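In what follows, a structure is listed as structure tokens, so that the remarks can point back to it.
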Amino acid sequence: MKRLCNLFLVIFVLMLYSGTAFSAEAPSENGDETIVGVIISMDDGIFLDDGYQIYLLVGLDDQQYMGLTVEVIGESIIVDGAPAIKVKEINVLDPQPQEEMAPDDEPGNTANDANINN
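Take the sequence shown: its letters are residues -23 to -1, 1 to 95, numbered as in mature numbering (1 follows the signal peptide of the UniProt record, and there is no 0).
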């Protein structure tokens, strides 16, 4: 009897964990996903960089969003084996373009700063 209870407990915990993991990855009811990131342009298209993943933006040809932090709503698809989003809606969250930092411009790096007290 004790083994049976332990077995049910293990199965319950596994089901609970798998249900939680699945719901975190599941798209919304209408199949659309919302992802926040910075719009970047590369040789093979316009992309959204969310800091973890780079997504090809299908259906977005407007250069006005370059460097802006946006919220993209659309259908998650795969194009040539890479993640992509078929854009349905785009909302600008930060109207100031994000500039890429050069390695020497990182906060706290004073190697290239002029010493005014010479």
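We put the beta carbon where it would ideally sit given N, CA and C, even for glycine.
Bear in mind that the values here come from a model prediction, so they are computed numbers and not experimental data.
Whether residue i touches residue j by CB criterion (8 Å)
i	j	result
Ile62	Glu10	yes
Leu25	Thr46	no
Ile12	Ile23	no
Glu66	Gly8	no
Gln30	Pro72	no
Of the residues the options, the one placed nearest residue i, counting alpha carbons only
i	options	result
residue 118	Gln41, Pro74 and Tyr32	Coverage of the chain is limited to positions -23 through 95, which leaves residue 118 absent and any answer about it impossible.
Met19	Gly28, Asp27, Met43 and Tyr29	Met43
Gly36	Val49, Gly28 and Asp27	Val49
Asn68	Gly28, Gln41 and Lys(-22)	Gln41
Pro74	Gly14, Ile(-13) and Met(-9)	Gly14
Helix, strand or coil at residue i [DSSP, three-state]
i	result
Met(-9)	helix
Tyr32	strand
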